[in-house]
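Enquirer: Residues in the sequence shown are numbered from 1 upward in steps of one, following full-length UniProt numbering.
Take a look at the following structure, please.
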Amino acid sequence: MLARLSIRDIVLIERLDIEFATGLVVLTGETGAGKSILLDAFALALGGRGDAGLVRHGAEQGQVTAVFDVPKNHPATKILAENGLDGTSVEESCEMILRRVQLADGRTRAFINDQSISVQTLKAVGAALVEIHGQHDERALVDAATHRRLLDAFAGLEKDVAAVETLWDARRNANTALEEHRAGMERAAREADYLRHASAELKQLAPKDGEETSLANRRTTMMQGEKIASDLREAQEAVGGHHSPVSTLSAAVRRLERRGVNSPALVEPAVKAIDAAINALEEADQHLQAALAATDFDPAELERIEERLFALRAASRKYSTPVDGLAALAAKYAADVVLIDAGASRLKKLEQAAIEADGRYAAAAKKLSLARQKSAEKLNKAVNAELAPLKLERAKFMTQVATDEATPGPQGFDRVEFWVQTNPGTKPGPMMKVASGGELSRFLLALKVVLSDRGSAPTLVFDEIDTGVGGAVADAIGGRLARLAGKVQVMAVTHAPQVAARADLHLLISKDALDKGKRVATRVNALAADHRREEIARMLAGAEITAEARAAADRLLKAAS
1 MLARLSIRDI VLIERLDIEF ATGLVVLTGE TGAGKSILLD AFALALGGRG
51 DAGLVRHGAE QGQVTAVFDV PKNHPATKIL AENGLDGTSV EESCEMILRR
101 VQLADGRTRA FINDQSISVQ TLKAVGAALV EIHGQHDERA LVDAATHRRL
151 LDAFAGLEKD VAAVETLWDA RRNANTALEE HRAGMERAAR EADYLRHASA
201 ELKQLAPKDG EETSLANRRT TMMQGEKIAS DLREAQEAVG GHHSPVSTLS
251 AAVRRLERRG VNSPALVEPA VKAIDAAINA LEEADQHLQA ALAATDFDPA
301 ELERIEERLF ALRAASRKYS TPVDGLAALA AKYAADVVLI DAGASRLKKL
351 EQAAIEADGR YAAAAKKLSL ARQKSAEKLN KAVNAELAPL KLERAKFMTQ
401 VATDEATPGP QGFDRVEFWV QTNPGTKPGP MMKVASGGEL SRFLLALKVV
451 LSDRGSAPTL VFDEIDTGVG GAVADAIGGR LARLAGKVQV MAVTHAPQVA
501 ARADLHLLIS KDALDKGKRV ATRVNALAAD HRREEIARML AGAEITAEAR
551 AAADRLLKAA S
């Protein structure tokens with residue numbers, strides 16, 4: 001329910017704070033006092049269309065804050081959760097604060113519980129919390145889907161509808177799988193020969209993810225090793241190969257040793273030096289051979305790498321696919337071949353699954369249709385019983401349930417629409433087209449009374465639905481609003497004293513002059529008992545309140561108590 005409404009700088013309202021109560025809240029006041037401004041401000045907080053003209057003259061922005069006490073399992077909390085907002089509570093109820101800021105340049109900002117949100121989210125939450133209805137308001141009943149939802153709520157069919165929606169999803173998924181398989185089979189059949197050849201070729205090639213990068217890195221490493229090995233071989237050939245000076249030096253040492261027998265002092269130093277050189281060369285040869293053995297180069301392996309890279313890149317060009325995509329392509333082609341070979345068997349299974357899913361959905365949807373047909377008769381009877389006191393005794397309410405199995409949907413086969421016949425002998429038709437503004441508001445009230453504890457927002461606002469009626473009809477409207485207020489919070493903007501007399505909370509809207517008449521401001525005051533009597537007397541008598549009007553007001557208040 002709406003607990004508080006705070007308005008700042010909206011049109012004629014500079015600052016206004018209103019505390020609300022459960023039951024029937026009535027708003028009265030003279031024409032032009034600001035009742036429409038109050039409702040426009042409230043609608044803004046609920047996600048209604050913004051308008052720079054709503055900002056009070058001289059202010060940079062206006063702001064409206066609506067505070068609700070909401071049961072923890074209310075649909076509004078689910079909307080918040082779906083949008084990643086905090087709307088949960090461990091208590092039985094939680095406080096939900098809707099705030100809308102209207103800037104003078106036309107822009108608006110929206111918040112719930114001080115969390116910035118989109119206007120669309122605010123509107124969805126607002127619609128779950130409040131319904132606003134007036135003589136010319138068609139929002140509540142213009143959509144046939146709303147009619148179906150109201151009928152389902154009246155009949156308590158929400159779980160049945162949810163079950164049908166689940167079966168609809170399963171049916172859709174089964175048919176999607178079937179169609180995708182059929183399309184795959186058709187595509188595979190057109191390319192069967194190519195697919196078999198390509199699959200066999202790629203299977204033989206056996207490409208692996210990341211293989212090209214791995215081979216290219218290995219190839220680079222080996223090519224660098226090849227250059228080092230070439231230099232080592234050249235050095236080793238010079239030191240220990242065919243052109244090695246070791247044999248020449250060894251022969252020279254032998255000759256010197258023979259010639260130096262008679263002159264050892266002359267030859268011995270040279271011989272020692274040559275021996276040291278030979279030893280150094282032999283040691284160098286050993287180091288070079290060890291280095292060659294340690295180099296990461298294998299000509300045969302490098303050749304294998306080159307051939308593998310060539311084969312992979314050739315396949316990449318042939319199939320117009322990056323080398324890294326060849327493994328996935330091979331898997332796809334293999335699957336397509338399997339589809340060709342085993343597709344017929346799989347197709348039969350999917351066809352059977354689709355038939356079974358459709359059968360389960362159709363059975364549940366037909367059962368739901370029958371339940372709606374039976375419930376429609378009960379709804380008609382309940383609504384028609386409310387019409388006579390509302391001066392619609394010659395009218396007839398009819399719930400049309402059109403079942404068309406050729407146009408299935410998530411909620412079944414049915415299109416539900418509320419029809420009326422306003423007078424005997426006239427042609428029945430859709431309520432939104434046939435009923436006049438005043439009649440429509442009374443039909444709506446009758447519906448809301450019947451559906452008061454099912455499928456209704458926790459707060460209902462009726463804007464002057466008693467316009468153009470009086471006496472017994474106005475009293476009947478007041479009685480039904482009071483009955484409705486026993487189940488949900490009801491706010492009624494009214495000019496009918498019979499309605500005002502039934503209020504649990506009576507708010508008077510007035511326009512006061514400020515700054516010696518230089519400007520005016522709208523005010524709202526909760527009326528005590530004696531002031532209620534005076535306001536109802538004013539509504540009965542007009543500007544000049546008579547003793548008779550006060551006495552009549554007393555009678556209305558007594559009758560309503």
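All residues carry an ideal CB built from backbone N, CA and C; glycine is no exception.
From a predicted model like this one, the values you see are computed outputs, not experimental measurements.
DSSP three-state label for PRO428, please.
Expert: PRO428 falls in the coil class under three-state DSSP.
Enquirer: For a quick check, are the C-beta atoms of ALA270 and LEU256 less than 8 Å apart?
Expert: Their beta carbons are under 8 Å apart, which means ALA270 touches LEU256 by this criterion.
Enquirer: Near ILE340, which residues of its chain fall below 6 Å by C-beta distance, leaving aside the five closest residues on each side in sequence?
Expert: Once the five neighbours on either side are set aside, the close Cβ partners of ILE340 are ALA188, ALA192.
Enquirer: From the DSSP output, in three-state form, read off ASP530 for me.
Expert: Of the three classes helix, strand and coil, the one that applies to ASP530 here is helix, per DSSP.
Enquirer: For VAL164, which residues from the same chain have a beta carbon less than 6 Å from its beta carbon, with the 5 sequence-adjacent residues on both sides left out?
Expert: Cβ neighbours of VAL164 beyond the five flanking positions: ALA364, ALA365, LEU368, GLY412.
Enquirer: From ASP51 to ALA76, what distance separates their C-alpha atoms?
Expert: If I take the Cα positions, the gap works out to 25 Å.
Enquirer: Examine the ligand ADP and report whether any of its heavy atoms sits within less than 7 Å of the Cβ of ASP51.
Expert: The ligand ADP is not among the ligands present in this structure, which contains no ligands whatsoever.
Enquirer: For PHE462, which three-state DSSP category applies?
Expert: Three-state DSSP puts PHE462 in a strand.
Enquirer: According to DSSP, MET223 sits in a beta bridge with which residue or residues?
Expert: MET223 pairs with nothing; no bridge assigned.
Enquirer: Does the structure place the stretch 414-424 close enough to the stretch 381-397 that three or more beta carbon pairs sit under 8 Å?
Expert: Output reads yes: the stretch 414-424 touches the stretch 381-397.
Enquirer: Quick check: the stretch 487-502 against the stretch 159-175, are at least 3 beta-carbon pairs closer than 8 Å?
Expert: Judged by Cβ distances under 8 Å, the stretch 159-175 makes no contact with the stretch 487-502, as fewer than three pairs qualify.
Enquirer: Starting from ILE117 and walking both ways along the beta strand (DSSP E), at which residues does that stretch end?
Expert: Segment 115-117, the beta strand (DSSP E) holding ILE117.
Enquirer: Just curious, the beta strand (DSSP E) that PRO322 is in, first and last residue?
Expert: Neither: PRO322 is in no beta strand (DSSP E) and is coded neither H nor E.
Enquirer: Taking GLU439 as part of the beta strand (DSSP E), name the residues at either end of that continuous run.
Expert: Careful: GLU439 lies outside any beta strand (DSSP E), inside the alpha helix (DSSP H) at 437-450.
Enquirer: Can you find at least 3 beta carbon pairs, one from the stretch 143-161 and one from the stretch 478-488, that sit closer than 8 Å?
Expert: Cβ pair count under 8 Å is below three, so no.
Enquirer: In three-state terms, what does DSSP make of VAL261?
Expert: The answer is coil: DSSP assigns VAL261 none of H, G, I, E or B.
Enquirer: When burial is assigned at 16 or more other CB atoms within 10 Å of the CB, is GLN352 buried or exposed?
Expert: Classification for GLN352: exposed.
Enquirer: Under 8 Å between the Cβ atoms of LEU288 and GLN236?
Expert: Contact: yes.
Enquirer: For ARG15, which of GLN63, LEU39, VAL25 has the nearest alpha-carbon?
Expert: The residue with the shortest Cα to Cα distance from ARG15 is GLN63.
Enquirer: Could you tell me which residues DSSP puts in a beta bridge with GLY343?
Expert: The partner list for GLY343 (beta bridge, DSSP) is empty, contrary to what the question assumes.
Enquirer: What is the DSSP secondary structure of ALA33, counted as helix, strand or coil?
Expert: Reduced to three states, the DSSP call for ALA33 is coil.
Enquirer: Considering GLU417, what are the terminal residues of the beta strand (DSSP E) in which it resides?
Expert: Where GLU417 is concerned, the enclosing beta strand (DSSP E) stretches over 414-421.
Enquirer: Please state if the CB of ASP463 and the CB of GLY32 are separated by a distance shorter than 8 Å.
Expert: In this structure, ASP463 does not lie closer than 8 Å to GLY32 by Cβ.
Enquirer: The beta strand (DSSP E) with GLN489 in it runs from where to where?
Expert: GLN489 -> beta strand (DSSP E) spans 489-493.
Enquirer: Taking C-beta to C-beta, are LEU98 and ALA144 nearer than 8 Å?
Expert: Going by C-beta atoms, LEU98 is not nearer than 8 Å to ALA144.
Enquirer: Anyone know if the C-beta pair for LEU390 and ALA476 falls short of 8 Å?
Expert: Cβ atoms of LEU390 and ALA476: closer than 8 Å.
Enquirer: Return helix, strand or coil for VAL469, following the three-state DSSP convention.
Expert: Three-state DSSP puts VAL469 in coil, outside helix and strand.
Enquirer: Helix, strand or coil for ARG49, going by three-state DSSP, please let me know.
Expert: Coil at ARG49, not helix or strand.
Enquirer: For GLU158, does the three-state DSSP call read helix, strand or coil?
Expert: Correct three-state label for GLU158: helix.
Enquirer: Quick check on DSSP: helix, strand or coil for ARG99?
Expert: DSSP places ARG99 in strand when its eight states are reduced to three.
Enquirer: DSSP puts LEU350 in a beta bridge; with which residues?
Expert: LEU350 pairs with nothing; no bridge assigned.
Enquirer: Which residues does DSSP pair with VAL520 in a beta bridge?
Expert: Paired residue(s): ALA513.
Enquirer: Give the DSSP-derived three-state secondary structure of GLY409 in the structure shown.
Expert: It is a strand residue.
Enquirer: Going by DSSP in three states, GLY84 sits in which element: helix, strand or coil?
Expert: DSSP places GLY84 in coil when its eight states are reduced to three.
Enquirer: Classify LEU232 as buried or exposed, calling it buried when 16 or more other Cβ atoms lie within 10 Å of its own Cβ.
Expert: LEU232 is buried by the Cβ-count criterion.
Enquirer: Comparing C-alpha positions only, which one of ALA446, THR467, GLY470 sits nearest to ALA482?
Expert: Nearest C-alpha to ALA482: ALA446.
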